[in-house]
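Visitor:
Number of protein chains: 2
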Amino acid sequence: MPEYRLHCFAQSGNSYKAALMLELCGLDWEPVLVRYFDGATRAAEWRSDTNAMGEVPVLEHGGRKLTQSGVILTYLARRAGRFGPENEDEELDILRWMLFDNHKFTSYFATHRFMLSLAGKPSDPAVLSFMRGRVDAALGVVDTYLAKHTFLVGNRATIADLSLAGYMFYPNAETGYDLSLSHPNIHAWRQRLVALPGWKPPYDLMPSALPAT
Amino acid sequence: MPEYRLHCFAQSGNSYKAALMLELCGLDWEPVLVRYFDGATRAAEWRSDTNAMGEVPVLEHGGRKLTQSGVILTYLARRAGRFGPENEDEELDILRWMLFDNHKFTSYFATHRFMLSLAGKPSDPAVLSFMRGRVDAALGVVDTYLAKHTFLVGNRATIADLSLAGYMFYPNAETGYDLSLSHPNIHAWRQRLVALPGWKPPYDLMPSALPAT
């Protein structure tokens, strides 16, 4: 059995953060499909045995079960010696961006995408519009920052970039954004991530949880 | 001048997380009022000089400017030797709860409260209702967890508790929740935090940013 097992599904950008890290570090890992759209994470045994927060991804390694993508990225950076901080200042700066990502960037971008293209039913237009406003504000903060920076922390890719980029590689038709037109600095930054040796898009790294139609 | 300066305002529960930590640790600190409701954090110089993310709190210490409440809590726990992890497992577990807090707990609870009682104009009922649904889900996760745990990590208060409790001490009229009735395990937990030596509520620790009427 591979050393690392990632409970995940391809539509989950939070899963992708961990899957891409495992792949870029060349670690021995396998994806384990979570049938999210069939309700797997809402089941009582998932909540009691695997993750009280009811979310994916979950990483199994050496008897541990780790949840929250930011925790998994931090853990893997230490084990692999890649994409982590070089000193405390960088460590705190990486944490700062990962918290912003969870609070305002991935949080709204992923929810907006889900409502737009994955929920399976139309969303309330007022809620969708509110959410898009939040996404625009967060994208604006990051695009402005990346106008003057190659990566988020230091001059190299770190787990901060892998966290914020979790939902940056899904098709425009899913996300509702063509970032190459709307946010050119974000687009240039994600192209720098694509250029990393071993990079793959989400649907190439993990199995789909959508039921066959 | 005090050793620590916290740019904050009393209505900000994210500021309160840092202010309460400073106070509980008995550190030499002073609050510096940010006139949020007059637009201080939207000003160009705030974004360029202080915080590209446009948020409070900001902690000044020894020439550093730290932003994101989770970063400030992590930094202070190390400096004060209080409320931090005792080993890597606890460190990762604290990070897990702080990320959940930023992603789903404080994030929605604070936004719902702002729309309900601080925005100064009525919110769209559909958006408010959507937000309340998200708050209810997050409160449910934490209340269920606290049915079997005294604190979030280990058997003592840590910065994970101080993070999630950031908005738990505002008046019911502001938050729209009477947690003593709706979520008894969360209520019992916050009472354990109130019992910590030196605890004070937000409006006693920081100046108000609301313009005098």
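Quick note, the sequences are listed as chains A and P, same order. Going by our numbering, the first sequence opens with residue 1, and the numbers climb by one from there. Going by our numbering, the second sequence opens with residue 1001, and the numbers climb by one from there. Cβ atoms here follow ideal geometry from the backbone N, Cα and C, with glycine treated the same way. Here the structure is a predicted model, which means the values were calculated and not measured.
K121(A) CB to nearest chain P CB: under 9 Å?
Guide: No, K121(A) lies away from the interface with chain P (no Cβ there is under 9 Å from its Cβ).
Visitor: Report the CB separation of I1186(P) from L1139(P) in whole angstroms; it is logged as a contact under 8 Å.
Guide: Going by Cβ atoms, the distance from I1186(P) to L1139(P) rounds to 7 Å, so yes, they are a contact pair.
Visitor: Let me check one thing: in DSSP terms, what residues is T1067(P) bridge-paired to?
Guide: Answer by DSSP bridge pairing, in chain order: V1058(P).
Visitor: Please list the partners that L59(A) has in chain P, where partner means a Cβ-to-Cβ separation under 9 Å.
Guide: The premise fails here: L59(A) is roughly 11 Å from chain P at the closest Cβ pair, so nothing lies under 9 Å.
Visitor: Please state if the CB of L193(A) and the CB of A147(A) are separated by a distance shorter than 9 Å.
Guide: Their beta carbons are not under 9 Å apart, which means A147(A) does not touch L193(A) by this criterion.
Visitor: For L66(A), go through chain P and note every residue whose CB falls closer than 7 Å to its CB, in chain order.
Guide: Correct list: L1092.
Visitor: The beta strand (DSSP E) with Y1004(P) in it runs from where to where?
Guide: Start and end: Y1004 to C1008.
Visitor: Cutting at 6 Å between CB atoms, please list the residues of its own chain near E3(A), excluding the five before and the five after it.
Guide: Here the set comprises D28.
Visitor: In terms of alpha-carbon separation, which member of T67(A), A110(A) and M131(A) lies closest to P171(A)?
Guide: Of the candidates T67(A), A110(A) and M131(A), the one whose C-alpha sits nearest the C-alpha of P171(A) is A110(A).
Visitor: Check W189(A) in the structure and name its three-state DSSP category.
Guide: Helix at W189(A).
Visitor: Less than 9 Å between the beta carbons of V71(A) and R1096(P), yes or no?
Guide: Yes, they are a contact pair.
Visitor: Note down, in chain order, each residue of its chain lying with its Cβ closer than 7 Å to the Cβ of V1034(P), except the 5 sequence neighbours on either side.
Guide: Once the five neighbours on either side are set aside, the close Cβ partners of V1034(P) are H1007, C1008, F1009, A1040, T1041, V1056 and A1209.
Visitor: Hey, does N102(A) have any beta-carbon neighbour from chain P nearer than 9 Å?
Guide: Yes, its Cβ sits closer than 9 Å to a Cβ of chain P.
Visitor: Just how far apart, CA to CA, sit G176(A) and S1048(P)?
Guide: Roughly 29 Å between the two C-alpha positions.
Visitor: Measuring only the C-alpha atoms, how far is P1211(P) from G81(A)?
Guide: Distance between the alpha carbons of P1211(P) and G81(A): 50 Å.
Visitor: Which residues mark the beginning and the end of the alpha helix (DSSP H) in which W46(A) is found?
Guide: Neither: W46(A) is in no alpha helix (DSSP H) and is coded neither H nor E.
Visitor: Since W1097(P) is in the beta strand (DSSP E), which residue starts that stretch and which ends it?
Guide: W1097(P) -> not in any beta strand (DSSP E); alpha helix (DSSP H) instead, spanning E1088 to F1100.
Visitor: Let me check one thing: in DSSP terms, what residues is E1030(P) bridge-paired to?
Guide: R1005(P), per the DSSP bridge assignment.
Visitor: For L1118(P), tell me which candidate among E1174(P), H1061(P) and Y1016(P) has the shortest Cα-Cα distance.
Guide: Ranking E1174(P), H1061(P) and Y1016(P) by Cα distance to L1118(P) puts E1174(P) first.
Visitor: Which of the three DSSP states, helix, strand or coil, is assigned to T1175(P)?
Guide: The answer is helix: DSSP assigns T1175(P) an H, G or I state.
Visitor: Let's test the definition: count the other Cβ atoms within 10 Å of the Cβ of N155(A) and tell me whether it reaches 16, buried, or not, exposed.
Guide: So N155(A) counts as exposed.
Visitor: With H, G and I counted as helix, E and B as strand and the rest as coil, what does DSSP make of G133(A)?
Guide: G133(A): helix per DSSP, three-state reduction.
Visitor: Report the neighbours of R1042(P) on chain A: residues whose CB is nearer than 7 Å to its CB, in chain order.
Guide: Simply none; closest approach about 11 Å.
Visitor: Please list the partners that A1126(P) has in chain A, where partner means a Cβ-to-Cβ separation under 9 Å.
Guide: Chain A residues near A1126(P): D124, P125, A126, V127 and F130.
Visitor: Which same chain residues end up closer than 7 Å to C94(A) when comparing Cβ atoms and leaving out the 5 residues on each side of it in sequence?
Guide: A small fix is needed here, since residue 94(A) is Ile in this sequence, not Cys. Same-chain partners within the cutoff: P85, V153, T158, I159 and A160.
Visitor: Between which two residues does the alpha helix (DSSP H) containing T1106(P) stretch?
Guide: Its alpha helix (DSSP H) spans residues T1106 to R1113.
Visitor: For L1022(P), name the three-state secondary structure that DSSP assigns.
Guide: DSSP places L1022(P) in helix when its eight states are reduced to three.
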